[in-house]
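Colleague: At position 32 of the sequence shown the residue is numbered 46 (my numbering), and the sequence of numbers has no breaks.
We put the beta carbon where it would ideally sit given N, CA and C, even for glycine.
Sharing a structure with you now.
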Amino acid sequence: MAVLLGLVGAVVGGLALARPAGRIGTGSGSLGAVLALAVGLIGVALGGLVVATSDGGIGTGNGRGGAFVALAVGLVSVVLGGLALARARRTARLTA
């Protein structure tokens with residue numbers, strides 16, 4: 015579940031970075047960036063929770079491997095969302 019959230023956030027962040035005023039919202043394009051940040055943070059939090067509470071190692075069936083993947087993908091989502099948000103704010107400041 016956490017990996018899917020991180021993956022959705024990475025896709026939305028990539029779309030917000032590639033097309034700032036595209037399909038997700040209009041205007042400055044900050045909606046997609048904020049959505050990517052929020053979903054990425056939730057994915058990182060859930061992945062961290064699974065890593066902290068699992069008692070076995072990787073390959074024991076406790077989900078620790080998937081939790082590490084969720085942490086990585088969620089971090090990518092947060093970075094993409096942050097870059098898109100910074101660009102949306104910069105372009106909004108230039109047009110105002």
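#1: Where do the N-terminal and C-terminal ends of the alpha helix (DSSP H) with Thr67 fall, by residue?
#2: Over what stretch of residues does the alpha helix (DSSP H) that includes Gly20 continue unbroken?
#3: Can you name, in chain order, every residue of its own chain whose Cβ lies under 6 Å from the Cβ of Ala47, other than the five neighbours on each side?
#4: Pairs of beta-carbons, one from the stretch 61-69 and one from the stretch 80-95, closer than 8 Å: are there three or more?
#5: Any idea if Gly75 is buried or exposed, counting beta-carbon neighbours within 10 angstroms, 16 or more meaning buried?
Modeller: This is what the structure holds:
#1: Ser44 to Thr67
#2: Ala16 to Ala32
#3: Ala30, Gly95, Ala98, Leu99 and Ala102
#4: yes
#5: exposed
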